[in-house]
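A quick write-up on the structure given underneath.
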Amino acid sequence: MTLLAAAPEGMDFELAPEGNHLAVCYMVCDLGYHETEWQGVKNNKRKVRLSFELSGTAMEDGRPFSISQNYTLSLSDKSNLRRDLQSWRGRAFTEQELKGFDLFNVLGKACFLNVIHTKSKDGTRTYANAASIASLPAGTPAPDICNELVKFSLDDFDQSVYDALPEWLQGKINIHQQQKTEPVINDFDDDIPF
């Protein structure tokens with residue numbers, strides 16, 4: 014499992030520190046449909062990006078470190094998104110929840126991220142990756158965050174939110190190829206974080 018944070022090509026970036034961090038999800042960003050290939054088969058998959066602010070950390074400019082992961086927007090048995098959300102929630106999804114989970118429910122929710130440093134395949138770069146995500150122990154207060162909460166969906170396109178995203182992230186969003194699906198939103202148990 015990886016939760017890869019990487020800077021856009023040609024940009025220098027400060028590496029988030031290794032270790033276990035209290036974190037808060039501050040961005041849920043719909044990336045649209047992107048062509049993927051697995052075992053020689055190409056298809057279009059809808060992608061989403063979750064970004065987390067690492068509490069108690071600071072870059073040279075004083076802003077907290079953040080780490081992000083792109084996922085396929087799927088709760089199938091083998092999906093990374095399902096695995097990470099269940100670990101974060103501290104329980105499996107019910108059959109009813111698997112019919113449709115509003116991913117914006119994680120926005121502003123706290124977790125623990127275990128960050129490790131890994132080298133690129135060619136050994137020229139080092140990346141900060143979240144090796145695991147977990148729920149907070151009962152009674153642990155969620156930290157305050159510095160970043161504004163950002164939610165962006167192509168199904169409910171908001172030009173002002175899109176314009177406020179960094180240009181490199183706008184470039185990752187495929188706003189031209191959308192396959193509409195009907196979202197299903199369920200009520201959830203108040204004992205889980207989202």
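Sequential numbering from 14 applies to the sequence shown in our numbering. Even glycine gets a Cβ: it sits at the ideal position worked out from N, Cα and C. None of these values were measured; they are calculated from a predicted model.
List the whole-angstrom C-beta distance separating R102 from S68, where the pair is believed to meet the contact cut-off of C-beta under 8 Å.
Residue 102 sits at position 89 when you count from the first residue of the sequence shown. Residue 68 sits at position 55 when you count from the first residue of the sequence shown. At roughly 19 Å, the Cβ-Cβ gap does not stay under 8 Å, so R102 and S68 are not in contact.
Inter-residue Cα distance where the pair is H34 and S166:
Translated into the one-based positions of the sequence shown, residue 34 becomes position 21. Translated into the one-based positions of the sequence shown, residue 166 becomes position 153. So the alpha carbons of these two residues sit roughly 28 Å apart.
Is L81 helix, strand or coil by DSSP?
Counting from 1 along the sequence shown, the entry for residue 81 is found at position 68. According to the sequence displayed, residue 81 carries Ser and not Leu. Looking at S81 - three-state DSSP - the assignment turns out to be strand.
Per-residue burial, I188 [other beta carbons within 10 Å of its own, 16 or more giving buried]:
Counting from one through the sequence shown, the residue named residue 188 turns up at place 175. By the neighbour-count rule (16 or more Cβ atoms within 10 Å), I188 is not buried but exposed.
Best match in H130, S100 and S81 for proximity to V41 [C-alpha to C-alpha]:
Against the sequence shown, residue 41 aligns to sequence position 28. V41 has its Cα closest to that of S81, out of H130, S100 and S81.
Can G113 be considered in contact with the ligand MG, in the sense that its beta carbon sits closer than 6 Å to one or more heavy atoms?
As far as ligands go, the structure on display features none, and thus does not contain the ligand MG.
Check F125 in the structure and name its three-state DSSP category.
Indexing the sequence shown from 1 puts residue 125 at position 112. In the structure shown, F125 sits in a strand (DSSP, three-state: E or B).
Going by C-alpha to C-alpha distance, which of N56, L178, V54 and K60 sits closest to G45?
In the sequence shown, counting from the first residue as 1, residue 45 sits at position 32. Here the closest residue by C-alpha is K60.
Tell me where the alpha helix (DSSP H) around A177 begins and ends.
Locating residue 177 in the sequence shown gives position 164, where the first residue counts as 1. Unbroken alpha helix (DSSP H) run through A177: Q172 to A177.
Which of the three DSSP states, helix, strand or coil, is assigned to K164?
Indexing the sequence shown from 1 puts residue 164 at position 151. Three-state result, K164: strand.
Touching by the beta-carbon criterion (3+ pairs, under 8 Å), the stretch 107–115 and the stretch 128–136:
no
Just grab the DSSP bridge partners of R59 for me.
Within the sequence shown, numbered from 1, the residue matching residue 59 stands at position 46. R59 is bridged to Y46.
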